[in-house]
Every structure is written in C-alpha cells, then in structure tokens.
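Please read the structure below before turning to the comments.
There are 4 protein chains.
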Amino acid sequence: MKNTIGRHVCCTIFGESHGSAIGITLDGLPAGIAIDEQFMLEQMNKRKAKGRISTQRHEADLPKIISGVFEGYTTGTPLTILIQNNDQHSSDYEKTKNRLRPAHADYTADVKYLGYQDYRGGGHFSGRITAPLVAAGAIALQILKNQDIHIASHIIKCHTVSDDAFAQSEDQLKAQIQALRSTSFPTIREEAQIAMIKEIEAAAANGDSVGGIIESAVINVPAGIGEPFFDSLESIIAHYLYSIPAVKGVAFGLGFGFSEHTGSEVNDSIAFENNRVITKTNNNGGINGGISNGMPIIIQTCIKPTPSIYKEQDTINKATKQAEKLIIQGRHDPAIIHRACVVVDSVLALAILDCMMERSAVLALQNKRKED
Amino acid sequence: MKNTIGRHVCCTIFGESHGSAIGITLDGLPAGIAIDEQFMLEQMNKRKAKGRISTQRHEADLPKIISGVFEGYTTGTPLTILIQNNDQHSSDYEKTKNRLRPAHADYTADVKYLGYQDYRGGGHFSGRITAPLVAAGAIALQILKNQDIHIASHIIKCHTVSDDAFAQSEDQLKAQIQALRSTSFPTIREEAQIAMIKEIEAAAANGDSVGGIIESAVINVPAGIGEPFFDSLESIIAHYLYSIPAVKGVAFGLGFGFSEHTGSEVNDSIAFENNRVITKTNNNGGINGGISNGMPIIIQTCIKPTPSIYKEQDTINKATKQAEKLIIQGRHDPAIIHRACVVVDSVLALAILDCMMERSAVLALQNKRKED
Amino acid sequence: MKNTIGRHVCCTIFGESHGSAIGITLDGLPAGIAIDEQFMLEQMNKRKAKGRISTQRHEADLPKIISGVFEGYTTGTPLTILIQNNDQHSSDYEKTKNRLRPAHADYTADVKYLGYQDYRGGGHFSGRITAPLVAAGAIALQILKNQDIHIASHIIKCHTVSDDAFAQSEDQLKAQIQALRSTSFPTIREEAQIAMIKEIEAAAANGDSVGGIIESAVINVPAGIGEPFFDSLESIIAHYLYSIPAVKGVAFGLGFGFSEHTGSEVNDSIAFENNRVITKTNNNGGINGGISNGMPIIIQTCIKPTPSIYKEQDTINKATKQAEKLIIQGRHDPAIIHRACVVVDSVLALAILDCMMERSAVLALQNKRKED
Amino acid sequence: MKNTIGRHVCCTIFGESHGSAIGITLDGLPAGIAIDEQFMLEQMNKRKAKGRISTQRHEADLPKIISGVFEGYTTGTPLTILIQNNDQHSSDYEKTKNRLRPAHADYTADVKYLGYQDYRGGGHFSGRITAPLVAAGAIALQILKNQDIHIASHIIKCHTVSDDAFAQSEDQLKAQIQALRSTSFPTIREEAQIAMIKEIEAAAANGDSVGGIIESAVINVPAGIGEPFFDSLESIIAHYLYSIPAVKGVAFGLGFGFSEHTGSEVNDSIAFENNRVITKTNNNGGINGGISNGMPIIIQTCIKPTPSIYKEQDTINKATKQAEKLIIQGRHDPAIIHRACVVVDSVLALAILDCMMERSAVLALQNKRKED
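And the structure:
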C-alpha cells in the first residue's frame with residue numbers, strides 16, 4: 000500500500016520537503032477520543048531541530064487538523080492533519096540537483112520516478128516527512144495511555160558513547176519511561192547525554208555526522224497481541240520502524256546478542272507472580288511466537304549517520320554520467336538520532352494500537368475459554 | 000492479514016505440526032512458469048533434519064501440488080501445495096501440555112486462542128510450518144532466476160564461531176552464491192562449517208542449543224524496487240523475515256554496525272562503471288531511501304537458540320498456576336540455523352518477487368523518462 | 000487480493016474443476032467455535048446437483064478439514080477445507096478445447112493466462128469452485144447463528160415465474176427464513192417452486208437454460224455495521240456476491256425499483272418501538288449511508304442463464320481464428336439458480352461476519368457514548 | 000480499509016460537509032503524468048449544483064493540489080487534493096440535529112460513532128464528499144485517455160422518463176461518448192433531457208425528489224482485466240460504485256434483464272473481425288468470468304431519490320426517543336442523478352485504472368504465450 004499502513008488505524012502520509020504542505024490521514028480511529036493538542040505540540044517540539052546539533056531549517060510545525068475532529072473529539076471518520084512548509088530554501092538544491100548525494104535516495108528515486116520526483120530537499124524522502132507521523136503518533140499514544148500503555152525511547156548508543164539499557168525491574172522501568180517523557184535528548188544517564196551531545200558537536204565541527212541505536216520500551220501491552228504466521232508482532236513493528244528514513248537495523252529483546260548465548264542461558268523462565276504470568280528475565284523482549292506475552296516489549300533500532308555531510312564526496316552527475324566532487328549545500332543535521340526517538344515512539348504507538356484493534360476484532364466472538 | 004502475505008504473489012499458509020497436513024497457497028503467480036520439481040525437492044532437502052545436529056523427527060516432506068499447475072506450467076490461478084505429516088509423536092506432548100515451555104509460544108498461544116490451540120509439537124507455531132514456505136520459495140526462486148536474480152545465505156555466526164562476510168567484489172560474490180547452492184550447512188569457509196558443527200554437537204551433548212546470524216545476498220535486483228514511505232524494501236523484507244519463528248534481529252548492509260561510524264566513513268560513493276551506476280562500497284546493503292539501488296542486497300538475520308532444550312527449566316503449570324520443573328520431552332534441534340538458511344532464502348525470494356511485481360504494475364503506464 | 004477476500008475472516012479459494020481437489024482456507028476465525036459437521040453437509044447437499052434440473056456430474060462433495068480444528072473446535076489458526084474431485088470427464092473438454100464457449104470465461108481466461116489455464120470443465124472458473132465456499136459459509140453461518148443472526152435466500156424470479164417477496168412483518172419474515180432452511184429449491188410459495196421447476200425442465204428439454212433473481216434476507220444484524228466511505232455495507236456485500244460466477248446484478252432493498260418512486264414515497268419513516276429504533280417500511284433494505292440500521296438486510300442477486308446449452312452456437316476456433324459451430328459437450332445444468340441460493344447465503348454470511356468483526360475492532364476502544 | 004480504496008492507485012478520502020476542507024490522496028500514480036487542470040475544472044463543474052434542479056449551496060470547488068505534482072507532472076508520490084468548504088450554513092442543522100432524517104445516515108452514523116460524528120450537513124456522509132472523487136477521477140480519466148480508453152455515463156431513466164440505451168455499434172457508441180463529454184445533464188436524446196428536467200422541477204415544486212438509473216460505457220479496455228475469483232471486474236467496479244452515496248443497484252450488461260431470457264437468447268456469439276475477437280452482441284457487458292473481453296463495458300447504476308425533501312416526515316427525536324414531525328431545513332437537491340453521472344465516471348476510471356495496473360504487475364513476468 001506504499002504510503003498507507005495499518006489495518007485499523009490506517010495512516011496515509013503525503014507531501015514533499017519543499018511543497019506547500021505535508022500531512023497525514025488517520026482512518027479508523029475510535030470515535031470519542033478527546034484530542035490533547037497541547038500534548039501533540041509537545042511531541043512535535045521533541046522532533047524539532049535544536050541548537051548546534053541540528054539543521055538550521057526552522058519550521059513552526061504547527062499541525063492543523065482539518066477533518067475527523069468535532070467539538071474536540073474524534074468523530075471516527077478520517078482525521079487529516081496538515082503541516083505547512085514555510086522555511087524552504089529551494090535554491091540550495093537546484094544548483095546541485097544532478098549531483099547524486101551518496102547514501103541518499105537521489106539515485107533510487109530518480110530511477111523509480113523516471114526523473115519526475117521533487118528533488119528539492121529530498122522531496123518525499125526527506126526526514127521532514129516524519130513530522131506528520133509524530134502528530135499522528137501523539138493521538139495513538141493518547142489512546143494507548145487511556146489503556147495504561149506507555150512507550151518511551153532513549154539513545155542507548157551514539158557513535159562511541161553508550162547509555163544504560165532499560166532496567167529489568169518493572170518499577171524502575173516505569174520510572175525511566177516517566178523521566179524520558181520530558182526530555183528532547185533522551186538518555187537514561189545524564190552523563191551519557193552530555194557525552195553524546197559532545198560527540199555530535201564534534202562531528203558537526205568536522206563537517207561529519209554520526210548515528211546510533213535507540214532502545215524503546217512499551218509497557219502494559221496485554222498478552223495475546225500479534226498475528227502470526229505473517230503478522231507476528233515483530234513483523235508488524237519492524238515494518239513500521241523500517242519506514243523511518245535512516246533505519247538500518249531492528250531487533251527485539253537481546254536481538255543480535257542472542258547469537259552469543261545458548262538456549263539455557265537466554266530462555267526466559269516462567270513464573271506466576273502478583274496474579275499474572277511473567278517471565279523472570281525478558282530476553283525475548285516481551286514477544287514469544289510473534290505474540291506479546293505481557294512483559295515489556297523491548298526494541299532496538301539502529302539509525303545510520305545522517306548521509307548529508309559537509310565533507311567533499313565522490314559521486315556522479317546524473318545527466319552527464321561523469322564523476323564529480325560533491326559538497327552538499329543546504330542545512331542539515333550532524334545527527335538525527337535524538338530527533339528520531341519521538342518518531343520511533345510515534346510509529347510504535349501506531350503499530351501497537353493497530354495490533355490491539357486486530358485482536359479486539361476477533362475477541363468479541365470468541366469469549367469463552369476452553370476448560371482444561 | 001495474519002496468515003497471508005504479499006500483494007501480488009500472495010502466500011497463505013496453514014497447518015499444524017501434528018495435524019494431517021500442512022500447506023501453502025500461492026495466488027497471483029504469473030502463468031506459464033515451468034515447475035522444476037527436482038529443484039523444489041532439493042530445497043526441501045536443505046531444510047530437512049539431518050544427523051546429530053538436528054531433531055530425530057524425520058518427515059518425507061514431499062510437496063504435492065494440488066492446483067494451479069497444468070501440464071507442467073503454472074496456470075496463473077492459485078497454486079496449492081500440501082505436505083503430509085507422517086512422523087508425529089503426539090503423545091510426547093500430551094503429558095506435558097500444561098507445562099508452559101519457556102521461550103516458546105505455549106503461553107502466548109494459550110492466551111490468544113483461549114486454550115483451543117493445537118498444542119502438540121507447537122501446533123501452528125512449529126518450525127515445521129516453514130516447510131511449505133520452502134516449497135513456495137522454490138517457485139519464487141525459479142521465477143527470479145529467469146530474471147538472473149540469485150539469492151544465497153550463509154551462517155556468518157554460530158555461537159562463538161564466525162564465517163567470512165560475503166565478498167565486496169561482485170564476481171567473487173557471484174561465485175560464493177553459486178558455491179552455497181549445493182550445501183546444506185552453508186558457510187563460505189569450510190573451516191567455519193566444521194567448527195560450527197562442533198559447536199552444535201557440543202550444545203546437543205550438553206542438552207543445550209545455540210543460535211546465530213545468517214547473512215544473505217540477493218544479486219541483480221534492478222534499481223527502483225521498493226515502495227516507500229511505508230513499504231520500503233527494508234520494511235517488506237523485514238516483515239517477511241520476522242514471520243520465521245526464532246528470528247529476533249534483521250538488519251541491512253552494515254546494520255547495527257552503522258552506529259559505530261561517521262557519515263564520511265560509511266556513505267557509499269557513487270560511480271559510473273560498465274555502463275551503470277554503482278556504489279564503490281555497499282554499506283547500505285543495496286538499498287537507499289527504501290528503494291533498491293542495483294547493488295547486492297545484503298541482509299543479516301539473527302536466529303535465537305532453539306528454545307527446546309533437554310535441560311531442566313523453571314516454569315508453571317497453566318492449569319494450577321503452580322511453579323513446576325520442566326524437562327522437555329520430544330525430539331528437537333540443538334540448532335536450527337543451518338536449516339533456517341533455506342527458509343530465509345525462500346522468504347527473501349517471495350518478498351523480492353512481490354516488490355518487483357509491484358514495480359511492474361506502475362511501470363507499464365509511466366514509460367517515458369523526463370528530459371533533464 | 001484475487002483469490003483471497005475478507006479482512007478478518009480471510010477466505011483463500013483454490014482449485015480447478017478437473018484437478019485433484021478444490022478447497023478453501025479460512026484465516027482469522029475466532030477460536031473455540033464448535034464445528035457442526037452435520038450442518039456443513041446439509042449445506043453442501045443444497046448445492047449438489049439433483050434430478051433432471053441439474054448436471055449429471057455427481058460429486059460426493061465431502062469437505063475434509065485438514066487444519067485449524069482441534070478436538071472439535073476451531074483453533075483460531077487457518078482452517079483449510081479440501082474437497083476431492085472424483086467424477087471428472089476430462090475428455091469431454093479436450094475435443095472442443097479450442098472452440099470458445101459463448102458467455103463463458105474461455106476466451107477471457109485464455110487472454111489472461113496466455114493459454115496456460117486448465118480449460119477442462121472451466122478450470123478455476125467452474126461453478127464447482129463454489130463448493131468450498133459453501134463449506135466455509137457453513138462455519139460463518141454457525142458463528143452468526145450464535146449471535147442470533149439468520150440468513151436465507153429464495154428464488155423470487157425464475158424466467159417467467161415469480162415468487163412472493165419476503166414479508167415486511169418481522170415475525171412473518173422470521174418464519175419464512177425458518178421454512179427456507181430445509182429446502183433445496185427455495186421459494187416462499189410452493190406453487191412458485193413447482194412452476195419454476197417446470198420452466199427449468201422445459202428449458203432442459205429444449206437444450207436451453209434459464210436464470211433468475213434471488214432475494215436474500217439477513218435478520219438481527221445490529222445497527223452500526225459497515226465502513227463507509229469505500230467499504231459501505233453495500234460495497235462489501237456486492238463485492239462478495241459478484242465473485243459468484245453468473246451473477247450480473249446486485250441490488251439492495253427496492254434496488255432498481257427506486258428509480259420509479261419519489262423520495263416521499265420511499266423514504267423509510269423512523270419510529271421507536273419495543274425499545275429500539277425501527278423504520279416503518281424497509282425500502283432501503285436495512286442499510287443507510289452504507290451502515291446497517293438494524294432492520295432486515297434485503298438483497299437481490301441476478302443470476303444469468305447458464306451459458307452451457309446444448310443448442311448449436313456460433314463461435315470461433317481460438318487456434319485458427321475461423322468461425323465454427325459449437326455444440327457443447329459435457330454435463331451441465333439447465334439452471335443453477337436453485338443451487339446458487341446456498342452459495343449466496345454462504346458469501347453473505349462471510350461478508351456480514353467480516354463486517355461485524357471490523358466493527359468489534361474499534362468498539363473496544365470507543366466505549367463511551369457522547370452525552371447529548 | 001474504510002476510506003481507502005485501490006491496490007495500485009489507492010484513494011484515501013477525508014473531510015466533512017461543514018469542516019474546513021475536504022480532500023483526497025491518490026497514492027501509487029505513475030510518475031510523469033501531465034496534469035490537465037483545465038479538464039479537472041470541467042469535471043468539477045459537471046458535478047456542481049445548477050439552477051432550480053439543484054441545491055442552492057454554491058461552492059467554488061477549486062481543487063488545490065498540495066503534493067505529488069512537480070513542475071506540472073505527477074511525481075509518483077502521494078498526490079493530495081484539497082477543496083475548501085466555504086458556503087456552509089451550519090445553523091440550519093443545529094436546530095434539528097436530534098431529529099433523525101429518514102433514509103439518511105443520521106441514525107446509523109449516530110450508532111456507529113456513538114454520537115461524536117459531525118452531523119452538520121451529513122458530515123462525512125454528505126454527497127459533498129464526492130467532490131474530491133471527481134478531482135481524483137479527472138486524473139484517472141486522463142491516464143486512461145492516454146491509453147485510448149474512454150468512459151461516459153448518461154441518465155437512462157429518471158423517474159418516469161427514459162432515454163435510449165447506448166448503441167450496440169461501436170462507431171455509434173464512440174460518437175455518443177464523445178457527445179456526452181460536454182454536457183452537464185447527460186442524456187443521449189435531447190428530448191429525454193428536457194423531459195427529465197421537467198420531472199425534477201415538478202418534484203422540486205412539490206417539495207419532493209426523484210432518482211433514476213445511470214448507464215455507463217467504458218470502451219477500449221483490453222481483454223484480460225479483472226482478478227477472479229474474488230476480484231472479478233464486476234466485484235471491483237461494484238465495490239467502487241456502491242461507495243457513492245444513494246446508489247442502491249449495480250448491474251452489468253443486461254443486468255437484471257438476464258432473468259427474463261434463456262441462455263440461447265442472451266449468450267453472446269463469438270466472432271473474429273478486424274483482426275480481433277469480438278462478440279456479436281454484448282449482453283454480458285464486456286465481462287465474462289469476471290474478466291474483460293475487449294467489448295465495451297456496460298454498467299447500470301441505480302440512484303435512489305434524494306432523501307432530503309421539504310415534505311413533512313415521521314421520525315423520532317434521538318434524545319427523547321419520542322415521535323416527531325420533521326420538515327428538513329437547509330438547501331438540498333430535488334435530484335442528484337445528473338450531478339452523479341460525473342461521479343460515476345470518476346469512480347469507474349479509478350476502478351478500471353487500478354485493475355489495469357494489477358494486470359500489468361503480472362504481465363511483465365509472464366510474457367510468453369503457450370503454443371497450442
């Protein structure tokens with residue numbers, strides 16, 4: 000479905016970096032959800048460029064809801080959010096439009112769209128297109144919050160600097176999630192934040208860029224969510240996450256670390272505590288057999304270094320096919336990982352919400368448990 | 000869509016480990032594809048259990064095509080493949096059916112299906128359900144081969160042992176892919192194979208299990224495949240891969256390794272060689288902006304250690320909620336990673352084929368390139 | 000999705016008239032539904048050929064469930080039903096395979112599948128492919144019956160003979176639905192049945208065929224089902240019905256009769272009776288704005304005369320492109336409308352069930368009504 | 000998918016009658032289509048209210064493309080069209096918001112959306128929501144025109160007045176389609192137009208409304224389009240048409256008329272003329288077995304009388320559940336059938352285009368015809 004995702008809350012995204020507006024339509028939202036515009040703005044702010052560690056393009060990013068909300072509540076019909084583009088410097092791009100930027104979508108979009116794509120600022124491939132996702136995610140996060148489901152992400156690794164992993168203890172984890180809510184450079188340890196910002200500033204000073212790994216946690220998702228065989232919870236979450244530009248790795252629980260252990264070391268023992276089934280460890284990241292098990296869902300997402308750098312790079316001119324040296328013009332980010340955290344939270348909320356609704360669809364008709 | 004995946008070649012999978020048969024329906028195949036049953040059997044054989052490093056359940060695994068093929072060619076209507084189950088030992092499972100096996104889907108399936116799931120041998124969650132996928136994948140691989148597209152996987156890591164990564168040189172890579180075709184324990188270096196088999200035997204002797212990482216390469220996929228925003232090539236491939244039981248990590252190109260580098264280190268420079276656009280390195284694994292760039296597509300897939308181990312584990316009895324010790328009965332694999340390679344190849348073939356057809360859908364109507 | 004339909008209970012159909020077996024997979028069924036095999040067989044019997052008014056091909060049509068049912072209950076995982084083909088006379092078709100049968104899919108399938116289609120008995124285009132639909136529909140009808148939702152169809156018109164329309168009074172309608180359950184040539188008035196059978200026999204004697212109109216009623220569907228804009232209840236029901244071979248018209252309530260009235264004549268007045276909102280007439284067939292209103296859903300489906308007739312017809316030889324006279328060999332039905340009624344009931348059940356589950360998906364999260 | 004339709008050119012529609020704007024997103028369009036804004040405006044004009052036979056609400060209906068078009072050509076990324084609402088009289092609706100309008104979606108929307116729907120002017124259920132469809136359809140019609148495929152509709156029946164049916168002769172049909180292009184009250188015979196307008200004016204004078212039947216023709220669709228079993232061309236077209244508010248019947252070729260004939264009377268004989276396969280009659284409306292046969296596709300669509308009438312009607316107050324008399328306030332149409340013709344053309348174009356792209360997806364890989 001290309002630019003639409005979701006079976007229940009279907010998101011359709013549109014717009015280009017230098018067009019008049021970008022936006023998103025959410026179809027299938029429950030009716031009667033009170034829209035918290037303040038929260039939406041807070042989320043938008045987390046994604047905004049800031050200081051020396053971000054691009055100097057500054058957009059107001061005020062999401063305007065043009066349908067699907069009436070007297071402050073969702074109507075249940077499609078909710079469309081528009082965000083105007085204001086601070087474009089399109090001329091920055093016209094000069095170099097034939098020089099294909101390495102590690103960008105310039106070449107692939109050119110092949111795919113036969114040269115008709117809007118190349119300015121990356122067009123539909125710009126990271127800017129994640130802004131409507133954050134506005135949409137704010138609504139999904141609200142709905143989940145009503146069910147006491149919470150999501151947070153932090154930068155567990157930024158180039159050479161590491162942060163602590165999320166706590167295993169549920170109380171601690173809950174406190175960490177709470178603490179992460181108000182920060183726009185989310186780490187668990189403050190020193191990690193300081194060191195990471197330094198790394199990014201150093202990269203910026205050097206005309207270079209860095210990436211990293213985001214760790215995310217979703218708590219209180221009930222057991223039973225996910226639709227294997229092909230719509231395992233991991234499949235759905237990974238599908239959503241890999242739509243975020245610059246994501247090159249997605250893993251669950253121990254993730255690639257599983258390869259270093261034996262089954263007896265990493266199998267999560269099962270216990271019954273506080274009137275519910277739990278696992279004593281959570282190496283599987285809250286998912287077994289593609290279905291949530293009630294434990295925190297733990298996800299790692301790798302963000303590659305921003306491809307836009309100020310250093311000279313080797314490329315070709317797409318018109319002449321000749322080799323050329325490229326120094327990228329325009330304003331860009333030496334790192335996007337801190338801005339990406341809220342985008343990750345947003346798509347996780349949309350993914351989890353959708354999977355929960357899929358579950359509800361069948362539950363209404365299968366309400367009697369088999370006697371053992 | 001739960002047990003159906005694909006927009007063009009739609010796969011619907013069905014069956015349980017101890018039911019009468021398992022199978023798959025492929026809908027939307029092109030008509031006129033000659034079915035190479037010999038190749039299908041070879042692929043099935045690669046997935047089969049073998050020797051001390053595998054389960055002692057031995058199934059003939061003869062795929063029978065019951066529709067969609069006429070006089071040796073695909074008809075273009077749904078092609079259904081059935082595989083009989085023969086060597087079930089269902090009684091192994093009845094005794095311990097209330098003891099939830101750690102890291103398995105026992106608990107999550109029980110919650111999801113309210114106790115009605117077929118628990119024997121993992122039911123629909125058994126690795127056995129991947130057998131029809133391999134039969135289906137054989138057809139997809141054939142169609143891609145007709146387009147000179149080739150896919151191969153090897154075990155780049157098995158517990159403590161590592162193999163070489165795929166070669167950067169295209170000629171070497173082609174030779175490696177060719178060489179991997181005939182092996183059922185695929186590694187690039189023979190010594191890696193020997194050492195890995197030793198690791199697995201050691202785990203088996205210890206009643207334990209191991210996992211690892213599979214590296215896959217797909218060559219000659221044309222540039223322009225993939226449908227961002229939400230159906231980036233990474234999103235689609237990851238969605239398919241995460242449906243394979245035991246997969247806990249999927250990454251592209253450098254994958255999580257991107258977090259350790261700066262943009263200037265990993266941006267793939269662009270050049271024009273042999274009359275086509277290439278990148279001098281392939282850190283992005285053949286995908287930029289969610290669209291193939293014509294370079295080899297490189298994927299890493301992490302397989303966790305088989306959760307079935309012979310060691311005693313802590314769990315609960317689902318009926319009584321009491322803690323119990325569990326020693327898993329039945330026949331199982333100390334490692335599945337070698338058997339998983341052909342499953343990974345199969346789903347990659349299905350995923351890539353589907354994305355190529357999506358591209359064809361639009362190409363017919365947009366056949367004139369913009370003049371620059 | 001071609002051979003798959005449904006968002007929640009996804010049906011994937013496969014098989015050819017003269018292949019080894021035909022079948023269907025139902026994915027997404029609620030777990031814990033007791034399978035009533037007796038009822039399934041009764042439904043299959045209604046579709047079976049009978050007497051002089053049907054084809055002389057006689058198939059046992061015993062549906063065999065090979066997955067998704069365990070100990071008598073649905074498991075919630077894909078349920079696959081197989082039906083063996085036994086009584087094929089393939090040689091009837093080989094002789095005339097190049098002579099395109101008028102009003103059949105011979106020519107269109109040949110173009111679409113480039114000559115690779117299984118032409119014997121119409122292949123995948125045979126009315127025989129509706130047998131698995133009836134087996135699947137039996138399960139859907141059972142689930143709906145658990146919710147007190149009932150479906151029945153009768154032949155309101157067969158060539159020159161008409162039956163009464165369904166009663167407006169709900170009690171009478173309920174009795175009519177009950178009475179229709181046990182008949183395999185469903186009409187409301189017995190004389191209509193007798194006269195219609197005579198018509199069919201006359202057509203048969205003349206080597207000709209007839210069609211007609213089926214009127215269907217679905218009662219007790221709650222108000223609120225249907226997903227406009229594009230998935231109006233009419234859109235979904237029509238989509239399902241038009242997959243049945245030979246259907247050429249689908250209408251709701253007054254249907255095409257609406258064109259003969261003014262708004263004031265046909266607007267259904269609204270009243271509050273027996274503690275619920277009703278309409279005093281039901282010209283809209285239980286659907287307003289694409290959403291069920293709680294009144295009986297009334298549907299008309301037009302079935303064209305069976306295209307297979309014994310009379311000589313003008314056609315061409317597809318190999319030579321020359322005009323040829325064709326007298327169709329093989330066994331066929333002078334009318335299928337009586338056999339089609341149970342097929343219509345089946346797809347209606349699948350359609351309504353799916354729409355109800357779509358509604359349930361959202362209901363769980365929107366449970367508080369706005370205060371007026 | 001509720002408010003999204005299409006597999007290739009996916010349309011997502013949004014907005015309410017009295018919101019700030021309504022719109023549509025088209026995703027999956029081929030790149031490089033020159034946008035003919037003049038043609039889009041002409042199509043919009045056909046849908047506009049006019050004279051005494053239409054509502055007095057007058058909207059400029061200027062579609063504004065905010066994404067997916069760059070330098071006059073489609074980019075291949077989502078194309079979003081916005082249409083501002085300007086001439087709302089919301090207060091007309093506030094006074095009577097609790098009085099459920101008969102034959103409208105007031106009651107069903109109220110149940111579905113729990114009272115949160117925007118009731119003003121019918122909200123998302125307003126016929127106004129078809130305006131973006133016409134803008135979108137203009138683009139689809141253009142793309143089809145590039146393939147020499149043409150679509151036209153006329154009012155074959157309006158209450159008591161009938162028009163001629165489309166001609167059987169292809170040349171005549173082509174001329175009729177051409178002639179219908181420029182009219183905003185489309186009939187084949189001028190006298191029919193005059194008589195129909197009189198009917199509508201008489202209904203208007205009487206505070207009443209009328210409906211009718213639209214006949215549509217699509218010419219030059221190649222044989223082979225349509226995806227049975229479940230996505231027969233009839234299924235897809237009916238699905239789209241039934242999303243248009245007020246449609247209560249859809250039929251193909253002879254449609255319900257099939258019930259009055261025998262097979263020998265209506266089977267379309269096959270011939271080979273002018274180097275292509277044709278049928279001598281076209282009773283099947285260009286579709287056999289759910290697949291186009293190259294003949295004109297002929298569709299009948301029944302539009303019920305506008306439910307908004309000025310006469311007093313019986314209804315209830317939804318808050319009090321008491322019976323009340325209702326005289327609908329606001330501006331409304333005594334007939335919408337003339338305005339609906341262009342909407343029908345638009346959705347037909349979107350449906351056919353989508354089916355053609357589905358066909359292209361598979362064609363690229365199945366390009367060799369079987370030798371007979």
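Respectively, the protein sequence lines represent chains W, C, D and U.
If you number the first sequence the way numbering that gives the first Met the number 0 does, the last residue is 371 and the count never jumps.
If you number the second sequence the way numbering that gives the first Met the number 0 does, the last residue is 371 and the count never jumps.
If you number the third sequence the way numbering that gives the first Met the number 0 does, the last residue is 371 and the count never jumps.
If you number the fourth sequence the way numbering that gives the first Met the number 0 does, the last residue is 371 and the count never jumps.
From the three backbone atoms N, C-alpha and C, an ideal C-beta is built for every residue, glycine too.
Two segments are said to touch when three or more pairs of C-beta atoms, one from each, lie closer than 8 Å; by this definition the segment 252-271 of chain W touches the segment 305-320 of chain C. Taking a contact to require three or more Cβ pairs closer than 8 Å, the segment 220-229 of chain W and the segment 158-175 of chain W do not qualify as touching. Residue state for S89(D) is assigned as coil, using DSSP reduced to three classes.
Neighbours of G18(W) across chain C, judged by C-beta separation under 9 Å, do not exist; the nearest C-beta is about 14 Å away. Chain U has no Cβ within less than 8 Å of the Cβ of E233(C).
Assignment of A348(C) by DSSP, reduced to helix, strand and coil, places it in the helix class. Not one beta carbon of chain U lies nearer than 8 Å to the beta carbon of C301(W).
As summarised for the segment 181-223 of chain U, the continuous alpha helix (DSSP H) elements at least 4 residues long and confined to that stretch are 189-204, given in chain order.
At a beta-carbon threshold of 9 Å, the residues of chain C lying near E15(D) are S66, G67, F69, T74 and T76, ordered along the chain.
In the DSSP assignment, N287(W) forms a beta bridge with I290(W). Closest by C-alpha distance to T186(W), out of S16(W), I218(W) and S152(W), is S152(W).
The three-state secondary structure of F124(C), taken from DSSP, is helix. Taking 8 Å as the CB threshold, G289(C) stays off the interface with chain U. Residues I34, T74 and L78 of the same chain have their beta carbon placed closer than 8 Å to that of V68(U), with the five preceding and five following residues left out of the count. Counting along the chain, the unbroken alpha helix (DSSP H) around V110(C) starts and ends at D105 to K111. Annotation for R275(W): the continuous beta strand (DSSP E) segment containing it runs R275 to T278. The segment 333-347 of chain U makes contact with the segment 132-149 of chain U; the number of CB pairs closer than 8 Å reaches 3 or more. Within the segment 26-107 of chain C, the complete beta strand (DSSP E) runs of at least 3 residues fall at 63-66 and 78-83. By the C-beta criterion, the segment 11-21 of chain W is judged to be in contact with the segment 53-73 of chain U, since at least 3 inter-stretch pairs fall below 8 Å. Taking a contact as a CB-CB distance under 8 Å, the pair R330(C) and R56(C) counts as one, their CB atoms being some 5 Å apart. Proximity of chain C to S359(U) at the Cβ level (cut-off 8 Å) is accounted for by S359, A360, V361, L362, A363 and L364, in chain order. For D207(U), at least one C-beta of chain D is nearer than 8 Å to its own C-beta. Here DSSP, grouped into helix, strand and coil, assigns T159(C) to coil. Distance check between D60(U) and each of I82(U), K45(U), L28(U) and I12(U) places I82(U) closest, using alpha-carbon atoms only. Its chain contains E15, S16 and P244 as the residues whose beta carbon lies nearer than 8 Å to that of S125(U), once the 5 sequence neighbours on both sides are disregarded; these appear in chain order.
With a contact defined as Cβ atoms closer than 8 Å, V361(W) and G27(D) qualify at about 7 Å. Chain C places no beta carbon closer than 8 Å to that of I351(U), leaving this residue out of the contacts. Within chain C, the C-beta atoms nearer than 9 Å to that of P29(U) come from V361, L362, A363, L364, Q365 and N366, in chain order. Burial is judged here by how many other beta carbons sit within 10 angstroms of a residue's own beta carbon; A108(D) has at least 16 and is buried. Bounds of any beta strand (DSSP E) do not take in Q167(D), whose DSSP letter is neither H nor E.
Listed as beta-bridge partners of D313(D) by DSSP are K324(D). In the structure shown, S231(U) adopts coil according to DSSP, grouped into three states. For the options S89(W), Q116(W), C157(W) and N145(W), the alpha carbon positioned closest to that of T300(W) is the one of C157(W).
Contact check for G206(W) and F251(W): beta-carbon distance about 36 Å, past the 8 Å limit, so the pair fails to qualify. Among the bridge pairs identified by DSSP, S263(W) is matched with none. Contact between N145(U) and F229(D) is absent: CB atoms are separated by about 25 Å, not below the 8 Å threshold.
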